[in-house]
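Residue numbers (our numbering): 142 to 539.
Heads up: the structure comes next, in structure tokens.
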């Protein structure tokens, strides 16, 4: 799409159209982050043949789309330009910023709270803050207000989730989510959704890691890296010193050889995130937590392993067929041809996870899968950081 320039009404001031800025404006008007992002994308599509637009016309277009999709009330909230000093400013130790119900709603979703409940809770907080008449608030006092609104209008459980997540965020510890699964299990889609829900900007695919390692190592050094995980056995040597190898399960032996070649790089990636206290999601078939040596001795990270699985072979075949149609590549057809090998590899990986007590999530419907994964992460965080109910002292209000 061509670049769009926004001309400010009545001024010779030009600036590029930025979807991120529009998303923020919509969130501040009370729209959820997901809906704001989708509406901003629709605006961009509407302007795909436009090179220049005035700020007034742009605002009118956004308002029309907002009313069509979300009603008159949100349109009015978007069009009402806030007067100087009317917004509530939240003070933290590092910065001060206006309170946003939309941003709070998205933050509550990261605590494992359902989107509709999160939005309801955020709006109750917004109403409570307006009723006080205060123009600024300390972040600790705001936390008490949020806790009380969730406790009164949602549920005590939701309020406790929120407190545990805030304690975890204040700790500075890294959250490392290890999401394993074989071809067709949906791990890439689920990891993307989790990254969005939990505001995690760093993610790593082991398939991409394998491609990078291949670029530096010749096929003679690690021949199994040149094949998919379920076909890695094709890179195994046929014999050693003239003696024919007898391997009971070629699919598993090939995968283990491929994993061994990637193990150090995978550990280095995760351990660096732990040292630098950066949140990270690692997804891929090579995520085998029981075989990884992670540096969490100092307790500066929460590592949450999970396995995705498709427990019916017929359903896995259907998923692979759909992916084959969508991609149109030869790799999709090859996966269908090797369904038995993929199934065998999944069965072995799941047995390893089950022995180690790693949660196995059946991926039937993406929304349910993401919710279950987020629920597991939340439970681990609540165990590590039990909620501390804030006191009743309101003296920190300004």
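Even glycine gets a Cβ: it sits at the ideal position worked out from N, Cα and C.
Rounded to a whole number of angstroms, what is the C-alpha to C-alpha distance between residue i and residue j?
i: residue 485; j: residue 391; result: 10 Å
i: residue 360; j: residue 393; result: 20 Å
i: residue 411; j: residue 277; result: 40 Å
i: residue 256; j: residue 201; result: 28 Å
i: residue 434; j: residue 528; result: 30 Å
i: residue 178; j: residue 271; result: 26 Å
i: residue 364; j: residue 262; result: 55 Å
i: residue 327; j: residue 490; result: 15 Å
i: residue 339; j: residue 378; result: 44 Å
i: residue 288; j: residue 503; result: 33 Å
i: residue 493; j: residue 437; result: 22 Å
i: residue 449; j: residue 431; result: 16 Å
i: residue 513; j: residue 300; result: 19 Å
i: residue 172; j: residue 243; result: 6 Å
i: residue 236; j: residue 283; result: 15 Å
i: residue 196; j: residue 248; result: 30 Å
i: residue 309; j: residue 189; result: 42 Å
i: residue 183; j: residue 358; result: 45 Å
i: residue 452; j: residue 199; result: 49 Å
i: residue 383; j: residue 483; result: Because residue 383 sits at a pLDDT of 40, beneath the cut-off of 50, its placement in the model cannot be relied upon, and the point is left open.
i: residue 405; j: residue 343; result: 19 Å
i: residue 500; j: residue 510; result: 12 Å
i: residue 174; j: residue 269; result: 21 Å
i: residue 352; j: residue 407; result: 13 Å
i: residue 508; j: residue 185; result: 27 Å
i: residue 298; j: residue 356; result: 49 Å
i: residue 444; j: residue 318; result: 6 Å
i: residue 505; j: residue 456; result: 9 Å
Could you tell me the boundaries of the beta strand (DSSP E) in which residue i lies?
i: residue 155; result: 155-157
i: residue 190; result: Here residue 190 belongs to no beta strand (DSSP E), and DSSP marks it neither H nor E.
i: residue 232; result: 230-232
i: residue 279; result: 277-279
i: residue 426; result: Per DSSP, residue 426 belongs to no beta strand (DSSP E) and is neither H nor E.
i: residue 502; result: 501-503
Secondary structure at residue i, three-state DSSP: helix, strand or coil?
i: residue 315; result: strand
i: residue 370; result: helix
i: residue 446; result: strand
i: residue 433; result: coil
i: residue 386; result: At residue 386 the pLDDT is 49, less than 50, meaning the model places this residue with poor confidence and gives no usable figure here.
i: residue 361; result: coil
i: residue 239; result: strand
i: residue 161; result: helix
i: residue 172; result: coil
i: residue 480; result: helix
i: residue 321; result: strand
i: residue 546; result: Here the chain covers residues 142 to 539 and nothing more, so residue 546 does not appear.
i: residue 207; result: helix
i: residue 256; result: helix
i: residue 377; result: coil
i: residue 287; result: helix
i: residue 341; result: coil
i: residue 226; result: With a pLDDT of 42 at residue 226, under the threshold of 50, the predicted position of this residue should be treated as unreliable, though the coordinate-derived value follows. Here residue 226 sits in coil by DSSP.
The alpha helix (DSSP H) that contains residue i, what's its start and end?
i: residue 353; result: 347-357
i: residue 145; result: That residue, residue 145, is in no alpha helix (DSSP H); it is neither H nor E in DSSP.
i: residue 393; result: 391-417
i: residue 522; result: 507-525
i: residue 218; result: 213-220
Suppose the cutoff is 7 Å on Cβ atoms and the five residues either side in sequence are ignored; what does the same chain contact list for residue i look like?
i: residue 265; result: 290, 294
i: residue 474; result: 465
i: residue 144; result: 157
i: residue 216; result: 204, 207, 208
i: residue 250; result: 256, 259, 338
i: residue 441; result: 314, 315, 415, 418
Once the 5 residues before and after residue i are set aside, which same chain residues still bring their CB inside 6 Å of it?
i: residue 155; result: 146, 148
i: residue 240; result: 229, 231
Under 9 Å between C-beta atoms, does residue i make it to chain D?
i: residue 268; result: The question asks about chain D, but that chain is absent: this structure has only one protein chain.
Short of 8 Å in beta carbon distance, which residues of its chain neighbour residue i, apart from the five on each side in sequence? Order them along the chain.
i: residue 167; result: 176, 177, 180, 181, 203, 207, 219, 243
i: residue 329; result: 346, 424
i: residue 519; result: 252, 253, 302, 305, 306
Stretch-stretch touch, CB-based, cutoff 8 Å, three pairs: the stretch 417-428 with the stretch 336-356: Contact between the stretch 417-428 and the stretch 336-356 is present, because at least three Cβ pairs lie under 8 Å.
Three-pair Cβ contact test at 8 Å for the stretch 198-212 versus the stretch 256-271: Two segments are said to touch when three or more pairs of C-beta atoms, one from each, lie closer than 8 Å; by this definition the stretch 198-212 does not touch the stretch 256-271.
Contact the stretch 393-402 vs the stretch 412-422: 3+ CB pairs below 8 Å: No, they do not touch.
Any 3 or more C-beta pairs closer than 8 Å across the stretch 307-325 and the stretch 476-483: Touching, yes, given that three or more Cβ pairs across the two stretches are closer than 8 Å.
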